[in-house]
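Residue numbers (the numbering used here): 255 to 397. Shown next, in structure tokens, is the structure this report addresses.
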């Protein structure tokens with residue numbers, strides 16, 4: 255069996271970063287890193303489908319990562335969250351945003367922020383497999 259990739263651990267080691275208790279991060283800090291991880295997952299999936307122009311790749315990826323799509327993902331995944339995951343999601347959702355939603359309702363934006371916070375939390379905990387499991391389950395339920 256393959257060993258799971260712990261990218262945050264590798265980065266921490268490579269840059270000689272000290273260990274930090276993830277529970278001390280603000281929900282918006284978790285959402286910040288989670289946004290990048292979520293985006294990278296979908297960019298990777300879209301690119302792996304075949305070579306095409308960067309413009310087309312961008313538009314394909316946007317369909318998955320925009321706030322309304324993330325809010326829809328959350329709506330089908332709620333029953334899948336563990337109590338710990340639900341607590342992290344709610345912290346992110348209830349955080350006071352510093353920016354306003356551009357092409358989404360405030361409810362969609364807050365829900366998306368909650369999902370990004372959860373993804374960031376799981377990523378920093380080295381639980382990439384759980385992130386992928388949730389995304390795959392969500393995509394299946396959205397079909």
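Glycine residues also receive a C-beta, built at the ideal position from the N, C-alpha and C atoms. All of these numbers come straight from a predicted model, not from anything done at the bench.
For residue 384, the enclosing alpha helix (DSSP H) begins and ends at 382-396.
Taking the Cα of residue 362 as reference, the smallest distance to any Cα among 329, 312 and 314 is reached at 329. With a beta-carbon spacing of about 19 Å, residue 281 and residue 380 fall beyond the 8 Å limit used to define contacts. Below 8 Å, too few C-beta pairs join the region 302-315 and the region 353-373 to call them touching: fewer than three. Between the alpha carbons of residue 266 and residue 289 lies a gap of roughly 19 Å. Here residue 322 has 358 and 362 as same chain residues with Cβ atoms under 6 Å from its own Cβ, once five neighbours each way along the sequence are excluded. One alpha carbon belongs to residue 375, the other to residue 276, and they sit about 7 Å apart.
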